[in-house]
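One structure is given below, encoded as C-alpha cells.
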C-alpha cells in the first residue's frame, strides 16, 4: 500500500466476474500506525579530529519512534557512496559518528546521513558535508608558516570567512591568528 499516512482506513474487496457481475465483502476499519519521521535532520559538522579520524555530527529533534541513522562517505571526486556506520536514535539531540578509516590529510571526504524508520522506509537524507584538507610548511629562515587548504563549498550561500586557529602544543591553548575571506 505504499507509505500510508497514520490514520484510519476503510477496506473492502470487490470481486468482478467475467460476465459482468460483482460481489462486495464487508467493510473493515483498520487503524494504520506509521512511524513519524523527525521533522528535520541536519548534518551540522564533519570535522577532522585526528590524523586518521573524522567526527560527524547530526542534529535531530526527539521523536516518538526510533529511527536508524546511516552514515555514508565518499572520497571528494568519487560518485559512489559507501555506508560506514548505523546508529539508532530515539532521544533526539545529537547523533555522533566517528570515522576512523580515513586519511584526512590526503583526501577530502563527503559525508551524508540517511534516516530509516522501523518499517525500513527511507524518510530523509541530509545535505552532504565535506572535510577540508590543510597543508602547511614552515619557512624557518624567514620565521613564516605558509598554510593552504581546500575550499569548503557545500553551503548554499557560500563561506563568509575562514578563521585560522593556532594551538600551543605544550599548553593546549588556542587562538585565532587570522580571518580571511
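Numbering (my numbering), first residue to last: 256 to 436. Backbone N, C-alpha and C define an ideal beta-carbon position, used for all residues, glycine too.
{"Check": "Those residues which DSSP pairs with residue 344 across a bridge", "Outcome": "322"}
{"Check": "Straight-line Cα distance separating residue 307 from residue 328", "Outcome": "14 Å"}
{"Check": "Burial state of residue 400 (16 or more Cβ within 10 Å)", "Outcome": "exposed"}
{"Check": "Min CB distance residue 364 to chain B below 8 Å", "Outcome": "The structure shown has no chain B; it contains just one protein chain."}
{"Check": "Residue 283 burial status per 10 Å Cβ neighbour count (16 or more: buried)", "Outcome": "exposed"}
{"Check": "Beta-bridge pairing of residue 333 - partner residues as DSSP gives them", "Outcome": "According to DSSP, which records beta bridges pairwise, residue 333 is partnered with nothing at all."}
{"Check": "DSSP-derived helix/strand/coil call for residue 379", "Outcome": "strand"}
{"Check": "Spatial distance of residue 278 from residue 285 (CA atoms)", "Outcome": "21 Å"}
{"Check": "Contact belief for residue 344 with residue 315 at Cβ below 8 Å, rounded distance in angstroms", "Outcome": "6 Å"}
{"Check": "Outcome for residue 280 when other beta-carbon atoms lying within 10 angstroms are tallied against a minimum of 16", "Outcome": "exposed"}
{"Check": "Helix, strand or coil at residue 354 [DSSP, three-state]", "Outcome": "strand"}
{"Check": "For residue 396, the three-state DSSP class (helix, strand or coil)", "Outcome": "helix"}
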